[in-house]
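Line by line, the protein sequences give chains A and B. With the working numbering, the residue at position 85 of the first sequence is 85, and numbering never jumps. In the working numbering, each residue's number is its place in the second sequence (first place is 1) plus 1000. From the three backbone atoms N, C-alpha and C, an ideal C-beta is built for every residue, glycine too. Below is one structure; the comments refer to it alone.
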Amino acid sequence: MDKENIGILVVDDEFSVRDSLYKWFMSDGFRTDTAESADAAMVKLREQTWDIILLDIKMPGMDGIEFNRHIRGIDKDIIVIIMTAYSSVDTAVQALKDGAFDYVSKPVDPDDLTHIIRNALEKRRLARENIQLKQQIEDLSMPDDIVGTSPQMRRVLEMVATVAKTDATVMIRGESGTGKELVARAIHSNSNRRYAPIISVNCGAFTETLLESELFGHEKGAFTGASARRRGKIERADKGTIFFDEIGNITSKMQMDLLRVIETKQFTRLGGEKPIEVDFRIISATNRDLEEGVAAGEFREDLYFRLNVFTIDIAPLRERTEDIPLLADYFVQKYAQSMTRGVKGISADAMKMLEAYDWPGNARELRNVIERAIVLCSGDEITARDLSFPFRYRMKQPGGDTLEEVEKSHVTRILERADWNISHAATVLGIDRTTLYSKIKKYGLSKQS
Amino acid sequence: MKPSKLYVVPVQLSDDSVLDPLLTYLAHAFRLETEILWKEIDLAKAYDAKRHQYYSSTILAQIVSNPPADAFRMLGVTGVDIYIPVLTYLFGEAQFKGLGALISTYRLRSEFYEQPPDAQLFHERLLKEAVHELGHTYGLVHCNYPGCVMNSSTYIEDVDEKMVSFCRACAKIIGEGGIE
């Protein structure tokens, strides 16, 4: 980080100390300012962000020890270095216990001061690096890749590649579990904003008040329980991407607030006054028909058009059956490896069952089914016995729509599942053996078919 | 009259012979006409009896007061030990993007560190500190380029490690008349 981007605030009631440290840090290239009291420093803290505060212990009004506690409450990332006379070392130790980074005794040896500032900056760098690494780990442990060779998925991948190069807002539509967040992450990681974070907000998971605080952050004391300043998701998404999942669920007030942020690229923290400028790209996702919401007056039309410059539709899994074996194999490899199990693949009969299922929970449900199957599997191949479905097993409706076609398909499936044991299949179907025989004859079914 | 001259103001300097080479070098380094200015400085105002040191800002304020009309920069050179209240000592102080600077020879002599006298080394240190502090008056901040005279130096070893000249980036700024 450039020194000019590092802010040092000197808080001391003695002019000569403020003046000399101001000159010292200025000539070192830091952004520097001074305050003669805790109250004056509080104003500067509200106006600008500071990285390091050099704080005198003995000041009229609020002393350094108390002010240090206030600073920790406002922003615990600020590094506080206590300045003390020899006689007040005990109080400096108290300040250290309260979270100050270090202390210096006045007058300070220039070399000691240089070292303390260098150490403070190193701590700051490590803290920021830590946050970045956590974000990277989050990105690395990203749930899954986008897998699929169906024409629908190829089209999605083409659109991702096209839109990633632009800064346009994107709306991703698809049923629950189709991988809308994966598509959003793919757009972000292929865009120019990839070195900044992508921040996800599940709009359906919060009440209006909580979502407001989650998005905009708050100042200390903005409401009961706001014991410290908190940066919201919009602020954290600066220079990056913000992903609004289930955008259709936000209230009309939040729609208005969001529209204002999108239009002005500015917002204020709850309980704050200073507008904060932000630069982010918006990707949103919905499993609802938002156009219907707009027509019904539930979703603002102006916000809808702001969010929906580019639309990506993800087809449900049942409409792209050819992706099921690919996805299933992908999940087997992934989970067998992470769970250190020797499972290598899926048997033909199990795969047939997976392909025949209608996957109401889409790829996410398929992932869960495979994950469970790997736990249950005793051999090196997942069999039909290892499969269990969270919803009642429902086949895709094959063949056609007439009652006869549906009946033929259903009788065939039950017979196959019962391995053509007529008595067993008749019991499952709830008919007697004679009726089953007549249906086998009627539809020309045989064990080979 | 356009300010164009660098005035060097001796303040209780035991050995004036150090001034000639200093003036010659500064004229070359900053492309300015240099001249010695004898000025009455009241050191008693700057003296701290407890610390046995002199407050550099008080001396500097006297050096830059009522400057000659053609003064572009004023550099005080003193033999006394200087300080600012929050620090134990200083090699020099400058007015950032301002008129004046002050350097002290007190801690530049090898004898201060219980080493045998070394006139050559002392002259080098003096030039480095003078150029460094004057660099601040042009708006230069401490530079991390290895060897640049604008490297921060809090110990005498730091002074010895750096060169007497600016790195290319700092030299460019000086050549352009400093940072506006």
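Proximal residues to residue i (C-beta, below 6 Å), its chain only, five neighbours per side dropped
i	result
G99 (chain A)	R72
A92 (chain A)	I82, T84, Y103
D75 (chain A)	R229
L303 (chain A)	Q255, L259
V17 (chain A)	none
K442 (chain A)	none
Q1062 (chain B)	I1041
I324 (chain A)	L354, E355
G342 (chain A)	D380
D245 (chain A)	N202, A285
P1010 (chain B)	V1077
R1125 (chain B)	L1108, V1159
Residue i at chain A interface by Cβ criterion, 8 Å
i	result
F1030 (chain B)	no
T1088 (chain B)	yes
V1094 (chain B)	The question names Val, but residue 1094 (chain B) is Ala in the sequence shown. Taking Cβ atoms only, chain A reaches closer than 8 Å to A1094 (chain B), which makes this a yes.
A1101 (chain B)	no
Proximal chain A residues relative to residue i, where beta-carbon distance stays under 8 Å
i	result
H1136 (chain B)	S27
Sequence-distant residues of the same chain with beta carbon closer than 8 Å to residue i, five excluded per side
i	result
I1084 (chain B)	Y1055, S1056, S1057, L1090, E1093
K1002 (chain B)	D1070
D329 (chain A)	G345, I346
D112 (chain A)	V104
Neighbour list for residue i in chain A, Cβ cutoff strictly below 9 Å
i	result
I1084 (chain B)	S16, V17, D19, S20, L21, K23, W24, P107
Same chain, Cβ closer than 7 Å to residue i, five either side skipped, listed in chain order
i	result
A426 (chain A)	D432, R433, L436
G1079 (chain B)	Q1012, L1013, S1014, T1105, Y1106
M159 (chain A)	I312
N249 (chain A)	C203, G204
I247 (chain A)	C203, S284, A285, T286, L307
F101 (chain A)	I79, V80, I81, A120, K123
D33 (chain A)	L9, K44
A35 (chain A)	L9, V11, A41, K44
Cutoff 8 Å: residue i Cβ touching any chain B Cβ
i	result
L96 (chain A)	no
Heavy atom of the ligand SAH within 7 Å of residue i beta-carbon
i	result
L1022 (chain B)	Summarising the ligand content, the structure contains no ligands, and the ligand SAH is consequently not present.
Ignoring anything shorter than 4 residues, give me the alpha helix (DSSP H) runs that lie fully in the segment 243-322 of chain A, in order along the chain.
252-264, 290-295, 301-307
When Cβ atoms are compared, which residues of the segment 1139-1163 of chain B fall closer than 8 Å to chain A?
V1141, H1142, S1152, T1154, Y1155
Which residues of the segment 107-128 of chain A have a Cβ closer than 8 Å to any Cβ of chain B? Give them in chain order.
P107, V108, D109, P110, D111, L113, T114
Could you tell me which whole alpha helix (DSSP H) segments of length 4 or greater appear in the segment 166-220 of chain A?
180-189, 208-216
What residue ranges within the segment 1058-1093 of chain B form continuous beta strand (DSSP E) runs of no fewer than 3 residues, ordered along the chain?
1071-1078
What alpha helix (DSSP H) runs, 4 residues minimum, are completely inside the segment 1105-1149 of chain B?
1119-1137
Could you name each continuous beta strand (DSSP E) segment of 3 residues or more that falls completely within the segment 51-90 of chain A, going from the start of the chain to the end?
52-56, 79-84
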